[in-house]
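This note's numbering applies: residue 143 is where the sequence shown begins, and numbers increase by one.
This report refers to the structure that appears directly beneath it.
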Amino acid sequence: MIKFDKKAMEKFNQIPDDMKAKILSNVYCSSCKDTVKIIDFTATISREDLLLKGKCEKCGTEVARLVEI
Numbered sequence: 143m144i145k146f147d148k149k150a151m152e153k154f155n156q157i158p159d160d161m162k163a164k165i166l167s168n169v170y171c172s173s174c175k176d177t178v179k180i181i182d183f184t185a186t187i188s189r190e191d192l193l194l195k196g197k198c199e200k201c202g203t204e205v206a207r208l209v210e211i
């Protein structure tokens, strides 16, 4: 399940669609030791940047990605 707070949704919508796909598919997983796709994520604002927290598509380990905007 994907969940955004209001401010996070506004920031996410500012990102072009092709960049959104790249961001969501390039999250580092410490268990897989590789870049993976993030799934079942939440999006919040952290210090004016977009913070995505979710699970690795391959192994289910918790992953996160900070998108500086």
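Just so you know, even glycine gets a beta-carbon here, dropped at the ideal spot from N, CA and C.
Being a predicted model, the structure only gives us computed values, none of them experimental.
Is the Cβ-Cβ distance between residue i and residue j less than 9 Å?
i	j	result
residue 145	residue 183	yes
residue 207	residue 168	yes
residue 211	residue 175	no
residue 170	residue 205	yes
What number of angstroms, rounded off, separates the C-alpha of residue i from the C-alpha of residue j?
i	j	result
residue 160	residue 197	21 Å
residue 181	residue 189	23 Å
residue 199	residue 158	23 Å
In chain order, what residues of the same chain have a beta carbon less than 6 Å from the beta carbon of residue i, not counting five sequence neighbours either side?
i	result
residue 187	149, 150
Assuming residue i contacts residue j (C-beta within less than 8 Å), just tell me the rounded distance between them.
i	j	result
residue 194	residue 179	Actually they do not touch by this definition, with Cβ atoms about 11 Å apart.
Would a check of beta-carbon distances place residue i closer than 9 Å to chain B?
i	result
residue 176	The chain inventory of the structure shown lacks chain B, comprising one protein chain alone.
- request: Counting only runs of 3+ residues fully inside the segment 170-205, write out the beta strand (DSSP E) ranges in chain order.
  value: 176-178, 180-188, 191-198
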